[in-house]
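Notes follow once the structure below has been shown.
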Amino acid sequence: MSLMTAIEVGASGLTAQRRRFEVLMGNLVNANTTQPAGTEPYRRKDVLFTATPPEATFGAAFDDAVQGVEISGVVTDRSEPRKVHDPGHEHADREGYVLYPNINAMTEMVNVMSATRSYEANLQAVNLAKEMQQKTLEILR
Amino acid sequence: MKVDFFHDQTLDAAGAYMGRLSQRQQIVASNLANIDTPGYKTKDSSFHATMQELLSDDPVTLRTSRPGHAGKLTPIVSQAQMFEVPGLDSGADLNNVDIDREMMKLSETAFGYSLMSQIVRGKFRTIASSINEGRVS
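Residue numbers (this note's numbering), protein chains in the order written: chain A, 653 to 793; chain B, 2 to 138.
Set out below in structure tokens:
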């Protein structure tokens, strides 16, 4: 039943956006996390989206063009950490520098908003497909 | 006059149209799911061409070898043509899904489906009405 596929595809979008949200939240809460000098500081993480055929639970999708989405991996941003001069800090190195994660709270917030918007769009798609199924059931009422 | 309710052109057309609409809902859901997938291109189904097919009064003639075979069919094909939508701007990640366009298509499709289901419902009510000798149940 093809509307089931539409729901399945929408659900894959919901899952992917929720996981992305989790990763972004991890970045936000660790924006000021420091590590003892000499160890690698926390680095910004992001997800990789890949289009993937939906699982055919209720019959196949009508065309290969119908694709769900999945997260194919979490990647680490290799850009340089922020160096802050703070000799009194517990994690300062010999020259008095502390390494902070390469995270900009603004960038993360924009990404969080984008994830929220995409989540809402997918939710709307699922709801409308459900509504369409309901209309089919109402034909003989 | 013989009226064949169950081989009704309107029902066939509405049914095929509903099938196409639910296929289209799949495509739109697919576009929305991949709204952040790098390199993904917006897809659509050949929708208006479909209506043109339905409206044409020239039925498909099949070759028959026996008199009992179905010779003429209304040209409703269950498979819509898929294509990548041209002329959309893509961002730096080469993804050209436009959320507003997709949301519009989404409600357009749901509305069309609701409309068609009302038409089909009306058809069945007509049958029910004749069963009940014209009384509205």
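Each residue gets a CB set at the ideal place from its N, CA and C atoms; glycine is no exception.
Original post:
What span of residues does the alpha helix (DSSP H) with LYS42 (chain B) cover, start to end?
Top reply: Reading the second sequence from its first residue, position 41 is the one you call residue 42 (chain B). Taken as a continuous stretch (DSSP letters only), LYS42 (chain B) belongs to no alpha helix (DSSP H), as it is neither H nor E.
Original post:
Residues of chain B with CB under 8 angstroms from LEU780 (chain A), in chain order?
Top reply: Counting from 1 along the first sequence, the entry for residue 780 (chain A) is found at position 128. The contacting residues are GLN26, LEU107, SER108, THR110, ALA111.
Original post:
So which of B:ILE120, B:ASP9, B:ASN35 has the shortest CA-CA distance to ILE723 (chain A)?
Top reply: Within the first sequence, residue 723 (chain A) is the residue found at index 71, counting from 1. The residue with the shortest Cα to Cα distance from ILE723 (chain A) is B:ASN35.
Subject >> Under the three-state DSSP convention, the category THR728 (chain A) falls into >> reply: Position 76 of the first sequence holds residue 728 (chain A). THR728 (chain A): strand per DSSP, three-state reduction.
Original post:
Counting contacts by CB-CB distance shorter than 8 angstroms, is ASP99 (chain B) in contact with chain A?
Top reply: Position 98 of the second sequence, counted from the first residue, corresponds to residue 99 (chain B). ASP99 (chain B) does not count as touching chain A.
Original post:
Using a C-beta to C-beta distance shorter than 9 angstroms, which residues of chain B count as neighbours of PHE673 (chain A)?
Top reply: To locate residue 673 (chain A), count along the first sequence from 1; it is residue 21. Per Cβ cutoff of 9 angstroms: no residues; PHE673 (chain A) is ~12 angstroms from chain B at best.
**OP:** Report the neighbours of SER131 (chain B) on chain A: residues whose CB is nearer than 9 angstroms to its CB, in chain order.
**Re:** One-based indexing of the second sequence puts residue 131 (chain B) at position 130. Neighbours of SER131 (chain B) on chain A: none; closest Cβ ~16 angstroms, over 9 angstroms.
Original post:
Closest by CA to ASP757 (chain A), which one among A:ASN679, A:SER731, A:LEU775?
Top reply: Position 105 of the first sequence, counted from the first residue, corresponds to residue 757 (chain A). As written in the sequence, residue 757 (chain A) is Ala, which differs from the Asp given in the question. Here the closest residue by C-alpha is A:ASN679.
Subject >> ALA689 (chain A) (DSSP reduced to helix, strand or coil) >> reply: As a position in the first sequence, residue 689 (chain A) is number 37, starting the count at 1. Coil, per DSSP.
Original post:
Rounded to the nearest angstrom, how far is the Cβ of MET104 (chain B) from that of LEU22 (chain B), given a contact under 8 angstroms?
Top reply: Here residue 104 (chain B) is taken as the residue at index 103 of the second sequence, counted from 1. Here residue 22 (chain B) is taken as the residue at index 21 of the second sequence, counted from 1. Actually they are not in contact, since the Cβ atoms of MET104 (chain B) and LEU22 (chain B) sit about 16 angstroms apart, beyond 8 angstroms.
Original post:
In chain B, what lies closer than 7 angstroms to MET784 (chain A) by C-beta?
Top reply: Counting from 1 along the first sequence, the entry for residue 784 (chain A) is found at position 132. By Cβ distance, chain B contributes SER23, GLN26, ALA111, TYR114.
**OP:** Go through its chain and collect everything with a Cβ distance to SER731 (chain A)'s Cβ below 7 angstroms, but skip five positions before and after it.
**Re:** What you label residue 731 (chain A) is simply residue 79 of the first sequence in a count that begins at 1. These residues qualify, in order along the chain: ASN754.
**OP:** Spell out whether any CB of chain A is found under 8 angstroms from the CB atom of ASP37 (chain B).
**Re:** Counting from 1 along the second sequence, the entry for residue 37 (chain B) is found at position 36. Yes, because at least one Cβ of chain A sits closer than 8 angstroms to the Cβ of ASP37 (chain B).
**OP:** Find the residues of chain B that neighbour GLY665 (chain A), judging by a C-beta separation of less than 7 angstroms, and give them in chain order.
**Re:** Against the first sequence, residue 665 (chain A) aligns to sequence position 13. Residues of chain B passing the Cβ test: LEU33, ALA34.
Original post:
Along chain A, which residues have their Cβ under 7 angstroms away from the Cβ of SER91 (chain B)?
Top reply: Counting from 1 along the second sequence, the entry for residue 91 (chain B) is found at position 90. Chain A residues near SER91 (chain B): none, gap ~15 angstroms exceeds 7 angstroms.
Original post:
CB ALA14 (chain B) to CB VAL121 (chain B), shorter than 8 angstroms?
Top reply: Indexing the second sequence from 1 puts residue 14 (chain B) at position 13. Indexing the second sequence from 1 puts residue 121 (chain B) at position 120. Not a contact, by the Cβ cut-off of 8 angstroms.
Original post:
In the region 762-774 of chain A, which residues sit with their C-beta less than 9 angstroms from some C-beta in chain B, listed in chain order?
Top reply: SER766, ALA767, ARG769, SER770, ALA773, ASN774
Subject >> Beta-carbon proximity of GLU109 (chain B) to THR43 (chain B), cut-off 8 angstroms >> reply: Locating residue 109 (chain B) in the second sequence gives position 108, counting from the first residue. Locating residue 43 (chain B) in the second sequence gives position 42, counting from the first residue. It is not a contact, given that the beta carbons lie outside the stated cut-off.
Original post:
From the beta carbon of TYR41 (chain B), is the nearest beta carbon of chain A less than 8 angstroms away?
Top reply: Along the second sequence, one-based indexing puts residue 41 (chain B) at 40. At least one chain A Cβ lies under 8 angstroms of TYR41 (chain B).
Original post:
Does the Cβ of MET19 (chain B) have 16 or more other Cβ atoms within 10 Å, making it buried, or fewer, making it exposed?
Top reply: For the purposes of this step, residue 19 (chain B) is taken as residue 18 along the second sequence, with counting starting at 1. The residue in question, MET19 (chain B), is buried, as its Cβ has 16 or more Cβ neighbours within 10 Å.
Original post:
Got a sec? Which residues, its chain only, sit under 6 angstroms from MET2 (chain B) by beta carbon, not counting five neighbours each side?
Top reply: For the purposes of this step, residue 2 (chain B) is identified with residue 1 of the second sequence, where counting begins at 1. Below a pLDDT of 50, predicted positions are generally treated as unreliable, and MET2 (chain B), at 48, falls in that range; the measurement from the model is reported next regardless. Result list for MET2 (chain B): empty, nothing under 6 angstroms.
Original post:
Looking only at DSSP bridge pairs, what is VAL721 (chain A) linked to?
Top reply: Here residue 721 (chain A) is taken as the residue at index 69 of the first sequence, counted from 1. DSSP lists A:ALA703 as partners of VAL721 (chain A).
Subject >> Through-space distance from GLU742 (chain A) to ASN1 (chain B), alpha-carbon basis >> reply: Not covered by the structure: residue 1 (chain B). The range shown for chain B is 2 to 138.
Original post:
Residues bridged to GLU85 (chain B) by DSSP?
Top reply: Position 84 of the second sequence holds residue 85 (chain B). In DSSP, GLU85 (chain B) forms a bridge with B:LYS44.
**OP:** Starting from VAL736 (chain A), follow its DSSP beta bridges and name the residues at the other end.
**Re:** Your numbering for residue 736 (chain A) matches position 84 in the first sequence. Answer is A:VAL750.
Original post:
Hey, is the region 83-99 of chain B in contact with the region 775-782 of chain A, meaning 3+ C-beta pairs nearer than 8 angstroms?
Top reply: no
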